[in-house]
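**Q**
In my numbering, the protein residues as written are 1 to 561.
1. For residue 485 and residue 340, I'd like the C-alpha separation in whole angstroms.
2. Reducing DSSP to helix, strand and coil, say where residue 182 ends up.
3. On the CB-based measure, 16 or more other CB atoms within 10 Å of its CB, does residue 88 come out buried or exposed?
4. Got a sec? Which residues, its chain only, sit under 8 Å from residue 560 by beta carbon, not counting five neighbours each side?
5. Is the beta carbon of residue 150 less than 8 Å from the beta carbon of residue 58?
6. Is it right to say residue 565 is buried, meaning 16 or more other beta carbons lie within 10 angstroms of its own, or is it exposed?
7. Quick one: what's residue 486 bridged to in DSSP?
8. May I ask you to report which of helix, strand or coil DSSP gives residue 199?
9. For residue 240, which residues from the same chain have a beta carbon less than 7 Å from its beta carbon, with the 5 sequence-adjacent residues on both sides left out?
10. Could you spell out the range, first to last residue, of the alpha helix (DSSP H) harbouring residue 119?
11. Report the CB separation of residue 50 from residue 14 in whole angstroms; it is logged as a contact under 8 Å.
12. Tell me the start and end of each unbroken alpha helix (DSSP H) in the region 356 to 411 that is at least 4 residues and wholly inside, in chain order.
13. Going by C-alpha distance, which of 308, 229 and 248 is nearest residue 273?
14. Starting from the C-beta of residue 68, find all residues in its chain whose C-beta is less than 8 Å away, skip the five residues before and the five after it, and write them out in chain order.
15. From the DSSP output, in three-state form, read off residue 239 for me.
16. For residue 562, count neighbouring Cβ atoms within 10 angstroms of its own Cβ and tell me buried if that reaches 16, exposed if not.
17. Under a three-way DSSP split, which group does residue 331 fall into?
18. Using a 10 Å radius around the Cβ and a threshold of 16 neighbouring Cβ atoms, would you call residue 6 buried or exposed?
19. Is it buried or exposed for residue 165, if we count other Cβ within 10 angstroms and need 16 for buried?
20. Pull up the DSSP beta-bridge partners for residue 540, would you.
21. If I'm right that residue 487 touches residue 495 with Cβ under 8 Å, what's the distance once you round it to whole angstroms?
22. Out of 317, 521, 293 and 105, point me to the one whose CA is closest to residue 281's CA.
23. Determine contact between the region 246 to 259 and the region 292 to 299, defined as no fewer than three beta-carbon pairs at a distance below 8 Å.
24. Output the boundary residues of the beta strand (DSSP E) element that contains residue 53.
25. Mapping DSSP to helix, strand and coil, what is residue 505?
26. Tell me whether residue 72 sits in a helix, a strand or coil according to DSSP, three-state version.
27. Between the region 355 to 375 and the region 406 to 422, can you find at least three pairs of beta-carbon atoms closer than 8 Å?
28. Taking DSSP as the reference, what is the three-state secondary structure of residue 545?
29. Report back the beta-carbon spacing between residue 510 and residue 553 to the nearest angstrom; my notes put them in contact at under 8 Å.
30. Quick check: residue 406 and residue 106, are their CB atoms within less than 8 Å of each other?
31. Can you tell me where the alpha helix (DSSP H) holding residue 451 begins and where it ends?
32. Does the beta-carbon distance from residue 134 to residue 125 come in below 8 Å?
33. According to DSSP, is residue 521 helix, strand or coil?
34. Residue 390 and residue 279 - do their beta-carbons sit closer together than 8 Å?
35. CA-CA distance, residue 97 and residue 171?
36. Would the C-beta of residue 346 count as close to the ligand SAH, meaning under 7 Å from any of its heavy atoms?
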């Protein structure tokens, strides 16, 4: 007798009954009694690019006053490769000030996030985003998310070609439902006959993330993605892509069956095969992913349970052709290159550092205003980086001096004055808006960096480039499991400390201490910094040192797949 199938998760039933992501969203949005939407609709609105949130700082006070939580919505864009025009930046800036909380946020997926949007403002906000030729469709939900692409500002010829493939990949994997256009843009309702050829009526078991990298840069953290393409160039010409599958960093505290995993390199394809390969990888996830346990529903667990050989064979069976052997490549680092750099065409590119990707006007640092002023005169584009920073790209030589003056006038010089630790640190949003956060991240990062900087200075390491990442929970939005020092929130003021990632994004770190407070974290790092200062080899990173010295063990490299 065959075993009974496992019951589907609640979200699977919601999707199945949603009429291709419509649900009762129209009714929820029209309900004037509450600032929230119906519980089932909170799952569906993610596919439209939004999350319902509330101010967790105000929860208890509002509860005591017998008020409902202070509900608002986060809205995220789909912006392949993080490239937008100056006019698009100005639209997002205006929406941040008029309908959101007065800030823009650049995410680790090269997208914009707006926070604090009231329910009644969602529809006009999405409509204005669409009028600027950006959208929010599939920015969240159990679908392919925003496609990352190396900003690669130095060789614009290569970037243009690879970026074009990233955009095509994003478009190819979009859901086909017209629900988004009906709900937010006033399109006529579809009367039957609608279907999802890639996703089916219940979409994927969980989210799906894709990225394109151009060696030697790995700023997209390619091995953290469900699907990755490594551009293979010969004499500056794109020959094709190495394909990687099965990466993902989310985990659940206390559940050993969940864990971060690096992607495996499974072969090489020519550019014209890229889209069909992506489609079939996505369909394998659709067909074999776990729909009963969302904590274990990512593609990485299909790879882990069935094996890389099985996956490759199944993919090739569906494709009808074999992948070519993977071609050699080398990644050198996964950070951003800050400051002014000249491109091959004589235009300039300026990479700015933004703490946690937050663009706001603060005392002495009116960044939102400064970037608005730059956008008003800039003739090139803006590129949001996967490290939460911003590239002002394609600046004509004659505009460089004027843009530099605006940078200085608005306190945007952090890339010059910040320590390497601060410039390269990442943090997720966490409290007060993220419902999953167990500890602080974005709000805590500046303070924690200052205290680590003081310890580093004691040992003459103030100029050491050490990759620090903080998340408020184990889901890994700031990719903490690839950091040389990673803090993963466990409870208010307490974190798991992970050590031993590398600067190329090719090695997972290891859990070093569990559920510890700030004092213990700093006291734990202190002797390691002292030993690193004494014993490091020329050019050796902190993560490489702690592995070599045996403080943590080294997992396999994805290139060994």
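Ideal Cβ placement from N, Cα and C applies to all residues, glycine included.
**A** Working from what's here:
1. Roughly 28 Å between the two C-alpha positions.
2. helix
3. buried
4. Residue placement at residue 560 is flagged as unreliable, the pLDDT there being 39, under the threshold of 50; a coordinate-derived value is accordingly withheld.
5. Taking 8 Å as the Cβ cut-off, residue 150 and residue 58 do not qualify as a contacting pair.
6. Residue 565 lies beyond the range of the chain shown here (1 to 561); nothing can be said about it.
7. BP columns for residue 486 point to 469 and 498.
8. coil
9. Apart from sequence neighbours up to five positions away, the residues of its chain that approach residue 240 with a beta-carbon distance below 7 Å are 232, 268, 269, 270 and 271, ordered along the chain.
10. 119 to 131
11. Their Cβ separation, rounded to whole angstroms, is 16 Å, which puts residue 50 and residue 14 out of contact at 8 Å.
12. 367 to 377 and 400 to 409
13. 229
14. 34, 35, 36 and 62
15. strand
16. In this structure the chain extends from 1 to 561, so residue 562 is not present and cannot be described.
17. coil
18. exposed
19. buried
20. None, per the DSSP bridge assignment.
21. 4 Å
22. 317
23. With the cut-off at 8 Å, the region 246 to 259 and the region 292 to 299 touch.
24. Per DSSP, residue 53 belongs to the beta strand (DSSP E) from 50 to 54.
25. Annotated three-state conformation of residue 505 is coil, per DSSP.
26. Annotated three-state conformation of residue 72 is strand, per DSSP.
27. yes
28. helix
29. Contact flag correct, Cβ pair sits at about 6 Å.
30. Remark: C-beta atoms of residue 406 and residue 106 do not approach each other more closely than 8 Å.
31. From DSSP, the alpha helix (DSSP H) with residue 451 extends over 445 to 458.
32. no
33. helix
34. Not closer than 8 Å, so no.
35. 29 Å
36. You won't find the ligand SAH in this model; it holds no ligand whatsoever.
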